[in-house]
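Presented below is the structure to which this report refers.
Protein chains: 2
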Amino acid sequence: MPKEVVIVNNNKLIKLLKQNGLSITDSRRKILQLFLEQDGALAHGDIEKKAGEKFDRVTVYRTLQIFVDKGIIHTIPTADNSIRYALCKDECGEGHHHDHHIHFVCDNCNTTYCLDDVVTPEIKLPKGYSAGHVEVVVEGVCKNCQ
Amino acid sequence: MPKEVVIVNNNKLIKLLKQNGLSITDSRRKILQLFLEQDGALAHGDIEKKAGEKFDRVTVYRTLQIFVDKGIIHTIPTADNSIRYALCKDECGEGHHHDHHIHFVCDNCNTTYCLDDVVTPEIKLPKGYSAGHVEVVVEGVCKNCQ
DNA sequence: TATAAAAAAGCAACAATGTTGCAAAAGATA
DNA sequence: TATCTTTTGCAACATTGTTGCTTTTTTATA
Ligand SMILES: [Mn+2]
Ligand SMILES: [Mn+2]
Ligand SMILES: [Zn+2]
Ligand SMILES: [Zn+2]
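Here the protein sequences come in this chain order: A and B. Residue numbers for the first sequence, in our numbering: 35 to 180. Residue numbers for the second sequence, in our numbering: 35 to 180.
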C-alpha cells in the first residue's frame with residue numbers, strides 16, 4: 035500500500051465490500067468511507083473533490099456505478115442536474131433497491147438527508163396509471179439550520 | 035423572417051410570451067410550441083434535437099432558462115442527470131413557481147407526465163425539519179402502455 | 001414607415017462532465 | 001510466491017453547459 039490513504043472504520047468497510055462480492059481496493063475503501071462518515075448525501079462533485087486527489091476521475095465514476103449496482107448506495111433525484119448518492123439500508127442488494135424513505139434538501143445549507151423513518155406516502159393515481167416506485171423529495175430548512 | 039419555421043397556434047404563443055414580458059422571437063415561438071403540442075414533459079436533449087437545426091445550442095439553453103425564470107415552464111427532478119421541463123399552469127409567474135402536482139415517469143415509453151389533478155401529499159417530517167416545497171415523482175406504467 | 005435604442009441570437013472559445021479502450025498495477029487464490 | 005483475475009490510470013474522445021462579444025432582430029418612437 036504505497037499510497038497514504040487514511041482509512042478509519044476499516045473492518046466495517048471491508049465487511050461491507052466483501053458482503054457484496056467486491057474486492058478490497060484503496061479507492062473503494064476511501065469512497066465508501068466518505069459515505070460512512072457523512073450524515074447526508076454526497077453529490078458526484080463532492081466525491082470527486084474529496085477522493086479525486088488520490089484517484090482518477092474515471093475510477094470515481096466506476097466505483098460509484100458499481101456501488102449503485104450492488105445496492106450499497108442509491109441515487110437521489112434532483113431538479114438541477116447533479117447526481118446525489120447516499121448509503122442504502124440493508125434491504126438493498128445486487129439488482130434490487132428497496133429504498134422507501136423520503137429525501138430532504140435544506141434550502142440553507144444545501145445538505146441532502148435520507149429521512150429513513152419517513153415512509154413514502156401512497157399516491158392515488160388517475161385511471162390507467164399503475165404505480166411502481168415513488169420518490170419524494172422535500173425542500174425546506176433542516177434541523178441544523180432552524 | 036427569412037427562416038421557414040412553421041408555427042401553429044401562433045396567437046396563443048404570442049399571447050403567452052407577451053403576458054410574460056418577453057419579446058417575440060422565432061426561437062421562443064418554436065420552443066414554446068414544442069411544449070404546447072406535447073402531452074408530456076421534454077428533456078433538454080429532446081428540445082435541442084427538435085429545435086436545434088434552426089437555432090444555436092446556446093439559444094436553446096438561454097430560452098429554457100428564461101422560460102423557467104418567468105414561470106412558463108418548470109423543471110422536473112430525475113435520478114439520472116437529465117433535466118426535464120414541462121409547461122406551468124396559470125399560477126406560476128416571474129420568480130415564483132406554484133406547481134403542486136406530482137409527476138409520473140413511464141417505465142415503458144419513458145414519457146414524463148404532469149398529473150395536474152394529483153395533489154402532492156402532506157409529509158410529516160421529524161422534529162426540527164420544516165417543509166417548503168414537496169416533489170413527488172412516481173415511476174410506473176402509463177395509460178398508453180398498460 | 002423609417003430610425004434609433006434595446007434585446008436576443010449566433011458564433012467561437014472554453015470549461016465541465018461523462019465515456020471508452022487498453023496497458024500497467026494491484027488484488028485474490030492456491 | 002506464482003498465477004490468474006480484477007481494477008486502476010491514462011489518454012483520447014464525446015457530450016453537455018457557460019461566457020464574452022459581434023451581428024441581427026425586435027421593439028418603441030418619430
Ligand atoms: Mn436515501
Ligand atoms: Mn409538472
Ligand atoms: Zn441545513
Ligand atoms: Zn408509457
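Every residue gets a Cβ at the ideal spot worked out from N, C-alpha and C, and that includes glycine.
Secondary structure at residue i, three-state DSSP: helix, strand or coil?
i         : result
A/His-108 : strand
A/Leu-159 : coil
A/Glu-173 : strand
B/Phe-101 : helix
B/Leu-56  : coil
Taking 7 Å as the cut-off, is the CB of residue i close to at least one heavy atom of ligand 2?
i         : result
A/Asp-150 : no
A/Ala-113 : no
A/Asp-103 : no
B/His-137 : yes
B/Ala-120 : yes
State the start and end residues of the unbroken alpha helix (DSSP H) segment that holds residue i.
i         : result
B/Asp-150 : Run containing B/Asp-150: none in the alpha helix (DSSP H); it sits in the beta strand (DSSP E), 146 to 153.
A/Ser-116 : Per DSSP, A/Ser-116 belongs to no alpha helix (DSSP H) and is neither H nor E.
A/Ala-85  : 78 to 85
Please return the same chain residues whose Cβ sits closer than 8 Å to the Cβ of residue i, not counting the five positions on each side in sequence.
i        : result
B/Asn-44 : Arg-63
Examine ligand 4 and report whether any of its heavy atoms sits within less than 7 Å of the Cβ of residue i.
i         : result
B/Thr-109 : no
B/Thr-146 : no
B/Asn-178 : yes
For the beta strand (DSSP E) that residue i lies in, which residues bound it at each end?
i         : result
A/Ile-136 : 135 to 140
Below 6 Å CB to CB, which residues in the same chain sit around residue i once its five sequence neighbours on both sides are set aside?
i        : result
B/Lys-83 : none
Report yes if the C-beta of residue i is less than 7 Å from at least one heavy atom of ligand 3; otherwise report no.
i         : result
A/Val-175 : yes
A/Asn-142 : yes
Heavy atom of ligand 1 less than 7 Å from the Cβ of residue i, yes or no?
i         : result
A/Asp-133 : yes
Look at residue i and residue j and say whether their C-beta atoms are less than 8 Å apart.
i         : j         : result
B/Ile-157 : A/Val-139 : no
B/Val-102 : B/Ile-136 : no
A/Gly-79  : A/Gly-105 : no
A/Gly-162 : B/Lys-177 : yes
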